[in-house]
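Engineer: My questions will all concern the structure given below.
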Amino acid sequence: MATAWFRWGVALTLLAVSACGGGGDEADPVARGRAAYLANCVACHATNPKLAGPIGPEVAGSSRELIAAKVMRNTYPPGYAPKRATRAMAPLPHLEPKLEDLASYLGGLSPASIP
Ligand code: HEC
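Just so you know, we're using my numbering here: the sequence shown kicks off at 947 and counts up by one.
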């Protein structure tokens, strides 16, 4: 019994430690990408990337190339058909170190599936 409680204690402590990463230091790239998304993208895109936001379209399922092109230069990869014809998104080139994390988070989501 005591061992079981001890294991739970260890598990909960680890959970608490990982949940408090906050500053984007989490070991999990998806968690870091989600934090970066919530910190930099939801002024325009929806908190849930599968939905259209107040200004920007849904971005779940975006490829690394697409995210890099939009975030670094506000362009699109060759041959990509944009969801919107506008060019309203401001590039955020200072986020280059976060591109891999953003791609892990957004790219790992299935695209919007609105019934
Ligand atoms: C200032 C508002 C704004 C911010 C902030 C913003 N976006 Fe956008 N985003 C847009 C708009 C508007 C579009 C639609 C195309 C356009 O007008 O540029 C777009 C389009 C995109 C697209 C292309 C969608 C498609 O398939 O055509 C991706 C990917 C994207 N944004 C990712 C991001 C990410 C990742 C961030 C945060 C790092 C972000 N955006 C921050 C406004 C914004």
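Every residue gets a Cβ at the ideal spot worked out from N, C-alpha and C, and that includes glycine. This one's a predicted model, so the numbers in the text were calculated from it and none came from an experiment.
Starting from V976, trace the alpha helix (DSSP H) in both directions and tell me its first and last residue.
Structural biologist: Element bounds for V976: P975 to N986.
Engineer: Can you tell me whether G1002 sits near ligand 1, meaning its C-beta is under 8 Å from at least one heavy atom of the ligand?
Structural biologist: Because some heavy atom of ligand 1 lies under 8 Å away, the Cβ of G1002 counts as near it: yes.
Engineer: Is V1017 helix, strand or coil when you go by DSSP?
Structural biologist: The answer is helix: DSSP assigns V1017 an H, G or I state.
Engineer: Between which residues of its own chain and V1017 is the CB-CB distance below 6 Å, once the five residues before and five after are set aside?
Structural biologist: Excluding sequence neighbours, V1017 sits near L1038 and L1041.
Engineer: For the segment 1045 to 1053 against the segment 996 to 1011, are there 3 or more C-beta pairs whose distance is under 8 Å?
Structural biologist: Yes, since at least three Cβ pairs between the segment 1045 to 1053 and the segment 996 to 1011 fall closer than 8 Å, the two stretches touch.
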